[in-house]
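In this note's numbering, the protein residues as written are 24 to 156.
Structure, rendered in structure tokens:
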């Protein structure tokens with residue numbers, strides 16, 4: 024019997040989920056490192072980093088600004104690479120992963136799906152990535 028004829032081993036869903044999610048987290052750490060370097064590049068030097076964190080602005084406002092900036096970055100990447108990535112698609116992937124028992128990956132995809140979503144009725148006037156298509 025050749026290797027091609029051997030039956031595929033049964034997958035341990037939890038182990039596969041954890042392995043793939045761990046690989047993705049490593050990639051996310053690389054992206055976080057690039058964002059951290061970009062923040063330092065913007066601030067100019069480390070002693071200016073505290074002011075870059077907007078200490079006098081409410082945390083939820085800073086997060087809303089960050090979310091919009093992230094959505095702009097994602098839109099820019101989409102414009103450059105033309106991927107077919109939409110929150111609704113991510114919702115579908117999240118549900119499929121969740122139903123298959125891939126909890127860590129499903130949770131990560133659910134977080135990613137929130138990027139670029141409108142969370143306040145006043146946001147309806149804002150263009151987000153994909154709105155122009």
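Cβ coordinates follow ideal geometry from the N, Cα and C atoms, glycine included. None of these values were measured; they are calculated from a predicted model.
Residue i lies in the alpha helix (DSSP H); which residues open and close that run?
i           : result
residue 44  : 36-66
residue 110 : 110-122
When DSSP labels each residue in this structure, what does residue i get in the three-state scheme?
i          : result
residue 91 : helix
residue 78 : coil
In angstroms, rounded to a whole number, what distance separates the CA positions of residue i and residue j?
i           : j           : result
residue 56  : residue 35  : 32 angstroms
residue 131 : residue 114 : 11 angstroms
residue 125 : residue 37  : 7 angstroms
residue 135 : residue 69  : 29 angstroms
residue 78  : residue 133 : 29 angstroms
residue 87  : residue 63  : 21 angstroms
residue 111 : residue 129 : 14 angstroms
residue 121 : residue 44  : 13 angstroms
residue 42  : residue 52  : 15 angstroms
residue 58  : residue 28  : 46 angstroms
residue 85  : residue 93  : 12 angstroms
residue 123 : residue 80  : 41 angstroms
Can you list, in chain order, the residues of its chain with a C-beta nearer than 6 angstroms to that of residue i? Leave out the 5 residues immediately preceding and following it.
i           : result
residue 119 : none
Which same chain residues, not among the five before or five after residue i, have their C-beta less than 7 angstroms away from its C-beta?
i           : result
residue 47  : 131
residue 116 : 132
residue 127 : 40, 41 and 44
Counting only the same chain and skipping the five closest in sequence on each side, list residues whose C-beta sits under 8 angstroms from that of residue i.
i          : result
residue 72 : 62, 63 and 66
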